[in-house]
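S.K.:
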Amino acid sequence: MVRIEHIGIAVKELDKANELFTRLFGEQQYKEEGVESEHVTTSFFKVGPNKIELLEASSPDSAIAKYVDKRGEGIHHIAFEVDDIEAEMKRLAGEGFQLLNETPKKGADNKLVCFLHPKTTNGVLVELCQEFKS
Numbered sequence: 002m003v004r005i006e007h008i009g010i011a012v013k014e015l016d017k018a019n020e021l022f023t024r025l026f027g028e029q030q031y032k033e034e035g036v037e038s039e040h041v042t043t044s045f046f047k048v049g050p051n052k053i054e055l056l057e058a059s060s061p062d063s064a065i066a067k068y069v070d071k072r073g074e075g076i077h078h079i080a081f082e083v084d085d086i087e088a089e090m091k092r093l094a095g096e097g098f099q100l101l102n103e104t105p106k107k108g109a110d111n112k113l114v115c116f117l118h119p120k121t122t123n124g125v126l127v128e129l130c131q132e133f134k135s
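To convert, count from 1 in the sequence shown and add 1; that's the working numbering.
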C-alpha cells in the first residue's frame, strides 16, 4: 500500500454536506460525480495532500443508504492507494482477508477499487484504489 488515498464519509444530503465541508476546509469541492453501479453520488475535497470523499445514496437500495439508515452519517471507509490492485487483492486474500468483490470495479475519481470486509479488518471498511488506466 502506497498511502491513504482518501477517507469516505456517508451523508444524507450531499448539498448540505458540501456546504458544511466547504466552510470547514475553506475550499470548494473539486469534483462531483455519480457511480451508477453503486447507486451513489460522490463529492471530493482536497485537504492538503489528502482527500475527503462525501457519499450520498442515489437509491434506497444502495449500500450507502443502508449504512446511513443503520448507523447515521459519518466515516464510512478508509481508502488506500495501491500500485497493482489485482496483485494486492491476491496477496490480501492469501493473508485471510475477505474481499467484497472478486475483481476490481470502476469507482469514482478515475479509480479501480476493491473493498475488504470489515469483519476481517477490525470493523473498518477498507478500500483499495488504483488509478484507472484507459
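Glycine residues also receive a C-beta, built at the ideal position from the N, C-alpha and C atoms. In this text, all values refer to a predicted model and were calculated from it rather than measured experimentally.
When burial is assigned at 16 or more other CB atoms within 10 Å of the CB, is residue 127 buried or exposed?
M.R.: buried
S.K.: For residue 140, tell me which candidate among 123, 35, 24 and 113 has the shortest Cα-Cα distance.
M.R.: What is shown of the chain runs 2 to 135, which leaves residue 140 out entirely.
S.K.: Can residue 45 and residue 23 be called in contact, C-beta distance under 9 Å?
M.R.: Inclusion of residue 45 and residue 23 in the CB contact set at 9 Å is not warranted, their separation being larger than that value.
S.K.: Which residues share a DSSP beta bridge with residue 41?
M.R.: 36 and 58
S.K.: Please report the straight-line C-alpha distance between residue 69 and residue 39, rounded to a whole angstrom.
M.R.: Going by the C-alpha atoms only, they are around 15 Å apart.
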